[in-house]
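Participant: If you count the sequence shown from 1, position 67 lands on 67 in UniProt numbering, and the numbers rise without skipping. One structure is given below, represented as structure tokens, and several questions about it will come after.
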Amino acid sequence: MPYRCDLVIPCKDEAAALPALLASVPAGFVVVVVDNGSTDGTAEVARRHGARVVHEFRSGYGAAVHAGIEAAGAEYVAVMDGDGSMDPSELVGLLDLVLAGSATMALGRRRPVRSGVWPWHARAGNAVVLWWLRRRTGLDVRDVAPMRVCRRADLLALDVRDRRFGYPVELLVKARAAGWVLVESDIRYLPRAAGTRSKVSGSIRGSVRAARDFARVLP
Numbered sequence: 001m002p003y004r005c006d007l008v009i010p011c012k013d014e015a016a017a018l019p020a021l022l023a024s025v026p027a028g029f030v031v032v033v034v035d036n037g038s039t040d041g042t043a044e045v046a047r048r049h050g051a052r053v054v055h056e057f058r059s060g061y062g063a064a065v066h067a068g069i070e071a072a073g074a075e076y077v078a079v080m081d082g083d084g085s086m087d088p089s090e091l092v093g094l095l096d097l098v099l100a101g102s103a104t105m106a107l108g109r110r111r112p113v114r115s116g117v118w119p120w121h122a123r124a125g126n127a128v129v130l131w132w133l134r135r136r137t138g139l140d141v142r143d144v145a146p147m148r149v150c151r152r153a154d155l156l157a158l159d160v161r162d163r164r165f166g167y168p169v170e171l172l173v174k175a176r177a178a179g180w181v182l183v184e185s186d187i188r189y190l191p192r193a194a195g196t197r198s199k200v201s202g203s204i205r206g207s208v209r210a211a212r213d214f215a216r217v218l219p
């Protein structure tokens with residue numbers, strides 16, 4: 001019997017986070033780890049812990065996510081980061097919203113479990129992007145979809161083109177234009193796994209680079 005939902009996890013140097021993360025994935029989700037040029041054995045660790053591994057050699061978050069979506073085989077797909085900052089058990093509630101017809105795409109809205117988990121520069125960049133989206137499109141969301149679930153065919157039909165950090169912003173813009181029902185639910189935002197480092201929030205430079213990618217796809 002086909003699985004109901006595949007979970008796409010884009011990864012670059014997340015080997016330290018994967019054992020605990022993959023052990024927490026709920027039953028009914030098949031994991032597709034997309035190795036985006038890791039040098040720390042991410043692919044080997046993912047396979048050893050039961051994930052299917054896809055290699056995407058084009059650098060970029062969007063490139064990795066798109067490769068995973070194309071490789072997925074289930075009717076529904078979920079996407080989340082592989083750094084241990086989110087609990088995969090919270091995907092169940094998001095999937096339920098989509099299965100019930102309450103949402104075309106269900107989104108996780110990050111709620112830090114303590115101060116310092118979400119650095120100020122990353123939070124500020126997120127807020128600016130969301131303010132612009134509300135102003136230009138009327139899109140009433142409070143996060144840039146770090147965890148999300150939807151029907152795979154619907155997602156592919158949106159034809160999201162960005163292959164860098166602008167991918168989730170372009171996704172939201174196109175989903176709004178297509179008339180999707182977007183529903184956010186709070187999810188816990190946890191400290192990253194030891195031994196990993198964020199490509200966005202781990203430094204001001206990373207946040208600036210992500211903001212530049214966001215700006216490129218803003219309407």
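Idealized CB from N, CA, C, for every residue including glycine.
Near W131, what residues of its chain come up, given a Cβ to Cβ distance below 8 Å and the 5 sequence neighbours on each side ignored?
Facilitator: For W131, where only same-chain residues beyond five positions count, there are no Cβ hits under 8 Å.
Participant: Count the other CB atoms, across all protein chains shown, that sit within 10 Å of the CB of V181; report buried if there are 16 or more and exposed otherwise.
Facilitator: Flag for V181 reads exposed.
Participant: Just to confirm the assignment: which complete alpha helix (DSSP H) runs, minimum length 4, are found wholly within the UniProt domain "Glycosyltransferase 2-like" (7 to 131)?
Facilitator: Complete alpha helix (DSSP H) runs here, min 4: 18 to 23, 42 to 48, 61 to 71, 91 to 99.
Participant: Quick one: using the 10 Å Cβ neighbour count with 16 as the cut-off for buried, is F165 buried or exposed?
Facilitator: With 16 or more Cβ atoms within 10 Å of its Cβ, F165 is classed as buried.
Participant: Mark A16 as exposed unless 16 or more other C-beta atoms lie within 10 angstroms of its C-beta, in which case mark it buried.
Facilitator: Looking at its Cβ environment, which holds 16 or more other Cβ atoms inside 10 Å, A16 is buried.
Participant: Where does T196 land, buried or exposed, given buried means 16+ other C-beta within 10 angstroms?
Facilitator: When all chains shown are included, T196 counts as buried.
Participant: Take every Cβ of the segment 47 to 57, pair it with every Cβ of the segment 97 to 111, and state whether three or more of those distances are shorter than 8 Å.
Facilitator: The segment 47 to 57 is not in contact with the segment 97 to 111.
Participant: Does D154 come out as helix, strand or coil in the three-state DSSP assignment?
Facilitator: Of the three classes helix, strand and coil, the one that applies to D154 here is helix, per DSSP.
Participant: Cβ of A193 within 9 Å of Cβ of E70?
Facilitator: No, they are not a contact pair.
Participant: Can you tell me the Cα-Cα spacing of V33 and H55, whole angstroms?
Facilitator: Those two C-alpha atoms are separated by around 8 Å.
Participant: From which residue to which residue does the beta strand (DSSP E) around V183 run?
Facilitator: It spans 182 to 189 - the beta strand (DSSP E) in which V183 sits, taken as one unbroken run.
Participant: Could you please give me the residues that DSSP links to R148 through a beta bridge?
Facilitator: Answer is V79, L107, bridged to R148.
Participant: Going by C-alpha to C-alpha distance, which of S185, D96, R134, L7 sits closest to A177?
Facilitator: Comparing Cα positions, the closest option is R134.
Participant: Could you check where the alpha helix (DSSP H) with A177 kicks off and where it finishes?
Facilitator: Counting along the chain, the alpha helix (DSSP H) containing A177 begins and ends at 167 to 177.
Participant: To the nearest whole angstrom, what separates the beta carbons of R109 and D143, a pair I think is in contact under 8 Å?
Facilitator: Indeed, because the Cβ distance is near 4 Å, the residues count as touching under 8 Å.
Participant: When the Cα atoms are used, what is the spatial distance from W120 to L18?
Facilitator: Cα to Cα, W120 sits roughly 26 Å from L18.
Participant: Return the CA-CA distance between R188 and L95, expressed in angstroms with no decimal places.
Facilitator: Distance between the alpha carbons of R188 and L95: 17 Å.
Participant: CA-CA distance, L158 and C150?
Facilitator: Going by the C-alpha atoms only, they are around 12 Å apart.
Participant: Taking DSSP as the reference, what is the three-state secondary structure of D162?
Facilitator: Reduced to three states, the DSSP call for D162 is coil.
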